[in-house]
Every structure is written in C-alpha cells, then in structure tokens.
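Residue numbers (full-length UniProt numbering): 1 to 208. Glycine included, every Cβ here is placed at the ideal spot set by N, Cα and C. If you're wondering where the values come from, they're calculated on a predicted model, not measured in any experiment.
So, in structure tokens, the structure goes:
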C-alpha cells in the first residue's frame, strides 16, 4: 500500500511524510512538490491515496485532482490544506476528493482521516462538515475554473499580482488577464469590489 503526499513546501511535506511513515510503517509514502510531479508519480505507480495541497505552483491541487480522477476514477484523494473557506472545500469535493482536512488539525486527526479513507470511507473535518451542511453554496462561483477560483481567492485577499504570478509560476500578464475575466464574470468594475465580493461570498474572512 502506498500514499502520495503532494505539497510544495519541502519542510512541511517531509514532516508529514515522516509522521505517516512512523505511524503507518507498512505504508510506503512517496512525495511530490507540484501537480505536474504528482501526475508523473501516479504514472509510475498508482497510489492507494493522494494527500493533496490546494495551492500548488503551476497546476493547482484542484486541477491536478480533476486530471487524476479523470484518468483513475477510483483514486482516493484527501485535501490537506491551509484553506478552510467553504467554496474551496466544495470545489475539492466536486472534483472527486474523498475528504478535506485543514493543516490546523492535530496530527492524530490526519492519521484518522488517512485510515478512514483507505478503508473506503469519506472524511471531512467536523467543523467544515457542519458548516457545509448548514451553509448554501454561492451560485456565482459555479462558472469559475479551478485556476480562476484560485486567483480570485488570492486577489480578494489582497495578494499582489507579481506575487500571484510567482506563486503559480505564470506571468503577471496572465494574472491580469484572469483578473479582467473575473471582473466580467462577477460583474464588478474594480479590484476593491472584487475584495468586497470575496468577503460577501465567504471566500475571504475578515478578522473580528
């Protein structure tokens, strides 16, 4: 049995890989630092579970999951991310993920999620599962591609264009093009309106 752990932060990835190897010694844990590398790793050997970060350079975790699930519909994917915004959780589940867990979770919760998903069950962090059950989805997000949603999230949080470009390994011009398309799709005329819309949708949370 093997697990593929996909995360672009080497220290974080290696730390969780060491945890999984220590607690699940019978399981082989392989690593990938990007969506592209994950696709290549899966071609080499199909894992029993992919633990996927949401924000990756190049191909996002969401798009990587979609591509993997198109190729291997039975593949199990657990999103393990810093993001806890419900629209992103819904996108991950819509892409075919078997579970969603935030990185604020205790290590034993990650192990429990891994075990349950390997046993064929779904696992969504309890707080997120409760919020999903009682919060209706926002229809304005339905027409967004995974990349658009990812850029929308960063723009709405005030991330500079250059930083977004560097993070996603794309050009600043491409980010600007996405911003123009997002304004058109969401019917807003300025970056400030985009931020307010993100707050209204629940994609961006304001500290109390």
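With respect to the C-alpha of residue 157, the residue from 189, 197, 7, 78 having the closest C-alpha is 197. Rounded to whole angstroms, the separation of the alpha carbons of residue 143 and residue 43 is 30 angstroms. Unbroken alpha helix (DSSP H) stretches of 4 residues or longer found wholly inside the stretch 120-151: 126-134, given in chain order. Residue pairing by DSSP leaves residue 98 without any beta bridge partner. Here DSSP, grouped into helix, strand and coil, assigns residue 30 to strand.
Excluding five sequence positions before and after residue 169, the CB atoms of its chain that fall closer than 6 angstroms to its own CB belong to 57, 58, given in chain order. Distance from the Cα of residue 128 is smallest, within the candidate group 146, 147, 83, for 83. Under DSSP, the beta-bridge partners assigned to residue 52 are 6, 79.
Between residue 146 and residue 91, the beta carbon gap of about 7 angstroms places them in contact (Cβ cut-off 8 angstroms). Our two residues, residue 172 and residue 185, have alpha carbons roughly 20 angstroms apart in a direct line.
One alpha carbon belongs to residue 24, the other to residue 16, and they sit about 12 angstroms apart. Of the residues 73, 87, 5, 69, the one whose Cα lies closest to the Cα of residue 149 is 87. Residue environment for residue 199: exposed (fewer than 16 other C-beta atoms within 10 angstroms of its C-beta). Judged by DSSP secondary structure, residue 71 falls within the alpha helix (DSSP H) whose first and last residues are 61-71.
The residue among 132, 181, 133, 102 with its C-alpha nearest the C-alpha of residue 151 is 181. Considering only 48, 68, 100, the residue with the shortest C-alpha distance to residue 81 is 100. Rounded to the nearest angstrom, the gap between the Cα atoms of residue 32 and residue 67 is 16 angstroms. Scanning 18, 117, 95 for the CA closest to the CA of residue 62 turns up 95. The criterion of a C-beta distance shorter than 7 angstroms is not satisfied by residue 106 and residue 77.
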